[in-house]
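A.B. asks: Okay, so the sequence shown: first residue is 1 according to UniProt numbering, each after it adds one.
The beta-carbon is built from N, C-alpha and C at its ideal position, and this holds for glycine as well.
Since we're looking at a predicted model, the values are computed, not measured.
Please see the structure below; I have some questions.
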Amino acid sequence: MLTFLLAGLATFHETYNRSIPYAAASLATAPKYILFPEQRAKKCAAIFRDSDYLFCKSFWNIVDHDYVKMGSRYIVPSVTVSKYFQIGPEEIEINSIIIPPPTACAAPDEPNECAAGNIGNGSDNATGSGTKQPKQLVNLKLLSHEVREGMNELPLKKNDFEISSMEILPMSDHLLLHIHGGGFIATSTTTHEVYLKPWALGLEIPIVSIDYSLAPESPYPRAIEECFYAYAWVLKNANKLGWNGKTLLLAGDSAGGNLVTIVTMKSIEVGLRKPDAIICFYTPFLLGYSMSPSRLMAIMDPLLNTGFLWRCLAAYAGIKSSDDEFETVTIPNLDDTTAEKQQKLNNVTSSPGQTVPQSDNNSSPEQVPNRAEYIRGDSYYSRLGDIMGSRQAYLLRKLRESTLPNNPYMSPLRASDDTLRQFPTTYLVACHQDPLLDDSITFARHLRSLSVEHHLVIVQNLTHGFLSFYNANTDCKRTADLIMNDLARRYNIDGPLFP
């Protein structure tokens with residue numbers, strides 16, 4: 001499976017932003033990346049080193065394309081209720097606590113790229129953060145195996161039913177609120193239906209998934225504001241979702257797990273009801289600079305490579321890098337002679353209008369170094385530039401210097417002990433081959449020191465993002481089902497569960 005995934009990555013790069021004839025020719029030669037491992041490895045290494053966030057976003061959003069979604073209908077099971085709707089922009093008041101609608105503005109000068117859920121889709125059911133909507137509205141999706149009392153208040157229309165049903169069941173004792181992953185920059189609720197719909201069928205409880213706005217068009221803290229607003233709306237409007245308000249479970253994968261944790265923190269801090277349990281799959285709990293042992297694995301990881309990882313974090317934090325500044329720059333090798341280094345330095349061209357902090361104290365204040373010089377000013381980042389490329393080294397340095405990624409609302413590991421001590425039961429699911437493994441272990445260790453009930457599950461032989469392969473790999477499906485079976489038993493969920 002990994003071979004085909006990497007071959008697909010290499011082929012997609014050759015067709016990315018190309019003319020139709022060129023793309024067709026590239027597709028015709030795609031088998032070479034399956035048959036010849038060296039060509040595949042060389043191509044993927046170049047992609048990880050040089051591609052920008054828009055390529056990452058486009059590649060991850062392939063599964064949200066209309067043609068892929070049409071094919072997935074034959075693989076992903078149908079549920080009775082599948083309703084996409086919007087909430088807002090009114091304030092929400094719960095027990096005298098007022099939750100305002102999202103107010104964070106979109107980032108200026110960013111390409112306003114629609115989510116992949118809208119590609120080629122002119123229907124009213126288009127999904128994703130790119131859906132045309134007023135700024136203060138938040139997108140949600142309700143999935144349910146059965147129609148339950150109260151759901152008609154949404155209201156439900158004919159096209160909200162994938163399977164016709166005349167029976168209306170009583171309200172459920174449980175509700176699962178889900179926040180999807182995608183590095184804060186990609187995918188949507190539709191992408192994650194590959195496992196959400198089986199969960200809705202197996203658990204027989206309503207599932208609400210938040211389709212939050214994505215970076216870099218909507219950087220921090222927009223996603224947090226939308227998710228917390230949606231959380232408050234669910235608490236306020238439980239009856240409309242077929243839920244009696246008893247047990248609330250909050251789940252998310254990767255970036256979604258980060259947002260799940262932060263929503264829980266905010267609910268504790270403002271005095272709202274906190275969830276009864278949270279489930280975080282392969283979650284980054286520290287978005288600041290960290291070169292832990294597992295994160296060093298990202299240099300070789302084919303799914304969450306260092307290049308993709310830093311670009312996602314930089315986009316979410318609002319750190320920009322212009323490709324134009326790197327086109328004529330070559331970071332000198334450590335074994336270059338002094339003359340060669342000087343020659344390369346003389347060939348560097350500065351982009352007009354860019355101001356970057358000086359890395360050399362002897363430079364005159366009128367000099368404006370470009371980003372390659374900014375990297376070259378520190379031997380540590382110069383070495384990283386040799387290994388990972390100048391673009392990645394620049395982003396890594398900016399992330400390390402920025403204080404924003406260490407904000408508790410970006411990195412829950414930085415949250416106060418007073419807040420974390422009040423956390424509900426926390427399930428942490430990590431993969432032993434995941435670059436983010438150390439994040440889950442460190443967070444679990446911290447929860448243990450605060451006597452917070454938690455369960456750490458380390459999955460063997462699976463990588464970051466395994467939930468997305470729920471229907472493609474039996475190990476991924478089996479692992480996800482075992483985790484949800486355990487959760488169902490602990491919280492007395494009476495669904496048929498999973499075989």
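#1: Tell me, to the nearest whole angstrom, how far the beta carbon of D438 is from that of R295; I am working on the premise that it is less than 8 angstroms.
#2: Candidates E146, T187 and A186: which alpha carbon is nearest P170's?
#3: Under the DSSP definition of a beta bridge, which residues are partnered with F161?
#4: For D324 and A444, what's the separation of their Cα atoms in angstroms?
#5: Do you know offhand how far N361's Cα is from L54's?
#6: Ends of the alpha helix (DSSP H) at T419?
#7: Count the other CB atoms within 10 Å of the CB of N492; is the residue buried (16 or more) or exposed (fewer)?
#8: At the level of alpha carbons, what is the spacing between A186 and N61?
#9: According to the Cβ coordinates, are I94 and L235 closer than 7 angstroms?
#10: For the UniProt domain "Alpha/beta hydrolase fold-3" (176-317), list the beta strand (DSSP E) runs that are entirely contained and at least 3 residues long, ordered along the chain.
#11: Could you please give the first and the last residue of the uninterrupted beta strand (DSSP E) stretch that includes I99?
#12: Need the endpoints of the alpha helix (DSSP H) that A444 sits in, please.
#13: With 16 as the cutoff for other CB atoms within 10 Å, does A488 come out buried or exposed?
#14: Can you tell me where the alpha helix (DSSP H) with K141 in it begins and where it stops?
#15: What whole-angstrom Cβ distance do F59 and L6 have, given they're in contact under 8 angstroms?
#16: Using 8 angstroms for Cβ pairs, my map puts residue 517 next to Y470. What's the rounded Cβ distance?
#17: Quick check on the burial criterion: 16 or more other C-beta atoms within 10 angstroms. Buried or exposed for D73?
#18: Compute the Euclidean distance between the alpha carbons of D276 and T247, then round it to the nearest angstrom.
#19: Mind checking who L497 pairs with in its DSSP beta bridge?
#20: In whole angstroms, what separates the C-alpha of L395 from that of T306?
#21: Using a Cβ-Cβ cutoff of less than 6 angstroms, which residues in the same chain neighbour E113 once the five nearest sequence positions on both sides are dropped?
#22: The beta strand (DSSP E) spanning I458 covers which residue range?
#23: Quick check on DSSP: helix, strand or coil for residue 505?
#24: Let me confirm a value: N461 is counted as buried when at least 16 other C-beta atoms fall within 10 Å, else exposed. Which label applies?
#25: Which residues in the same chain as P269 place their Cβ atom closer than 7 angstroms to its Cβ, once the five residues preceding and following it in sequence are excluded?
#26: Identify every residue that forms a DSSP beta bridge with V63.
#27: Taking the alpha-carbon of M166 as reference, which of E149, L177 and S172 has the nearest alpha-carbon?
#28: Mark H432 as exposed unless 16 or more other C-beta atoms lie within 10 angstroms of its C-beta, in which case mark it buried.
#29: Can you grab the Cα-Cα spacing for the pair G242 / L404, in whole Å?
#30: Nearest-angstrom Cα distance between T80 and P155?
#31: If you pair each beta-carbon of the region 176-183 with each one of the region 210-217, do three or more pairs fall below 8 angstroms?
#32: Could you give the distance in angstroms between the alpha-carbon of W233 and the alpha-carbon of Y84?
#33: Got a sec? Which residues, its chain only, sit under 6 angstroms from L456 by beta carbon, not counting five neighbours each side?
#34: For H13, which residues from the same chain have a beta carbon less than 6 angstroms from its beta carbon, with the 5 sequence-adjacent residues on both sides left out?
#35: F466 to V208, Cα distance in whole Å?
#36: Output the boundary residues of the beta strand (DSSP E) element that contains C431.
C.D. replies: Walking through what the data contain:
#1: Translated into positions along the sequence shown, residue 438 becomes position 438. Translated into positions along the sequence shown, residue 295 becomes position 295. Cβ atoms of D438 and R295 come within 8 angstroms of each other, at about 7 angstroms.
#2: Residue 170 sits at position 170 when you count from the first residue of the sequence shown. Nearest C-alpha to P170: E146.
#3: By 1-based counting over the sequence shown, the position of residue 161 is 161. In the DSSP secondary-structure assignment, F161 is bridged to V81.
#4: Here residue 324 refers to the residue found at position 324 of the sequence shown. Here residue 444 refers to the residue found at position 444 of the sequence shown. Here the model assigns D324 a pLDDT of 40, short of 50, so the residue's position is not dependable and the matter cannot be decided.
#5: Taking the first residue of the sequence shown as 1, we reach residue 361 at position 361. Taking the first residue of the sequence shown as 1, we reach residue 54 at position 54. In this prediction, N361 has a pLDDT of 39, which is less than 50 and means its spatial position is unreliable; what the coordinates show is noted afterwards. Taking the straight line joining both Cα atoms gives about 35 angstroms.
#6: On the sequence shown, residue 419 is found 419 positions in, with the first residue counted as 1. From DSSP, the alpha helix (DSSP H) with T419 extends over D417 to L420.
#7: For this step, residue 492 is matched to residue 492 along the sequence shown. Looking at its Cβ environment, which holds fewer than 16 other Cβ atoms inside 10 Å, N492 is exposed.
#8: Position 186 of the sequence shown holds residue 186. Position 61 of the sequence shown holds residue 61. Straight-line Cα distance between these residues: approximately 6 angstroms.
#9: For the purposes of this step, residue 94 is taken as the residue at position 94 of the sequence shown. For the purposes of this step, residue 235 is taken as the residue at position 235 of the sequence shown. In this structure, the beta-carbon distance from I94 to L235 falls below 7 angstroms.
#10: Counting only runs of 3 or more, we get 207-211, 243-253 and 277-281.
#11: For this step, residue 99 is matched to residue 99 along the sequence shown. Run containing I99: I97 to I99, per the beta strand (DSSP E) assignment.
#12: Within the sequence shown, the letter at position 444 stands for residue 444. For A444, the uninterrupted alpha helix (DSSP H) segment begins and ends at L437 to S449.
#13: Walking along the sequence shown from the start, residue 488 turns up at place 488. A488 should be labelled buried.
#14: For this step, residue 141 is matched to residue 141 along the sequence shown. That residue, K141, is in no alpha helix (DSSP H); its beta strand (DSSP E) goes V138 to S144.
#15: Mapped onto the sequence shown, residue 59 falls at position 59. Mapped onto the sequence shown, residue 6 falls at position 6. L6 and F59 do not touch by the CB rule: their CB atoms are close to 11 angstroms apart, not below 8 angstroms.
#16: One cannot answer for residue 517 here, as it falls past the ends of the chain, which runs 1 to 499.
#17: Start at 1 with the first residue of the sequence shown, and residue 73 comes out as number 73. Here the sequence assigns Arg to residue 73, which means Asp is not the residue at that position. R73 should be labelled exposed.
#18: In the sequence shown, residue 276 corresponds to position 276, counting from 1. In the sequence shown, residue 247 corresponds to position 247, counting from 1. Spanning the two alpha carbons is a distance of roughly 6 angstroms.
#19: Within the sequence shown, residue 497 is the residue found at index 497, counting from 1. When DSSP reads this structure, L497 sits in no beta bridge, so it has no partner.
#20: For the purposes of this step, residue 395 is taken as the residue at position 395 of the sequence shown. For the purposes of this step, residue 306 is taken as the residue at position 306 of the sequence shown. Answer to the nearest angstrom: the Cα atoms are 11 angstroms apart.
#21: As a position in the sequence shown, residue 113 is number 113, starting the count at 1. Low confidence applies here, because E113 scores a pLDDT of 41, under 50, leaving its location unreliable; read the following figure in that light. Within its own chain, no residue has a Cβ closer than 6 angstroms to the Cβ of E113 once the five positions on either side in sequence are excluded.
#22: Along the sequence shown, one-based indexing puts residue 458 at 458. Taken as a continuous stretch (DSSP letters only), the beta strand (DSSP E) holding I458 covers H454 to V459.
#23: Since the first residue of the chain shown is 1 and the last is 499, residue 505 is not available in this structure.
#24: Position 461 of the sequence shown, counting from 1, holds the residue named residue 461. By the neighbour-count rule (16 or more Cβ atoms within 10 Å), N461 is not buried but exposed.
#25: Locating residue 269 in the sequence shown gives position 269, counting from the first residue. The sequence as given places Glu at residue 269; Pro does not occur at that position. So the list reads T419, once near-sequence residues are dropped.
#26: Here residue 63 refers to the residue found at position 63 of the sequence shown. DSSP output for V63 lists no bridge partner at all.
#27: Position 166 of the sequence shown, counted from the first residue, corresponds to residue 166. Comparing Cα positions, the closest option is E149.
#28: As a first step, residue 432 must be located in the sequence shown, where it is residue number 432. Under this definition H432 is an exposed residue.
#29: As a first step, residue 242 is located in the sequence shown; it is residue number 242 there, counting from the start. As a first step, residue 404 is located in the sequence shown; it is residue number 404 there, counting from the start. Across the structure, G242 and L404 are spaced so that their CA atoms are roughly 39 angstroms apart.
#30: What you label residue 80 is simply residue 80 of the sequence shown in a count that begins at 1. What you label residue 155 is simply residue 155 of the sequence shown in a count that begins at 1. CA-to-CA, the gap between T80 and P155 works out to about 15 angstroms.
#31: In short, these stretches touch, since the Cβ pair count reaches three.
#32: For the purposes of this step, residue 233 is identified with residue 233 of the sequence shown, where counting begins at 1. For the purposes of this step, residue 84 is identified with residue 84 of the sequence shown, where counting begins at 1. Using only the alpha carbons, I get a separation of about 15 angstroms.
#33: Within the sequence shown, numbered from 1, the residue matching residue 456 stands at position 456. Excluding sequence neighbours, L456 sits near L428 and A444.
#34: The sequence position of residue 13 within the sequence shown is 13, counting from 1. Same-chain partners within the cutoff: I47.
#35: In the sequence shown, residue 466 corresponds to position 466, counting from 1. In the sequence shown, residue 208 corresponds to position 208, counting from 1. Rounded to the nearest whole angstrom, the CA to CA distance from F466 to V208 is 21 angstroms.
#36: Taking the first residue of the sequence shown as position 1, residue 431 is located at position 431. For C431, the enclosing beta strand (DSSP E) covers residues T425 to C431.
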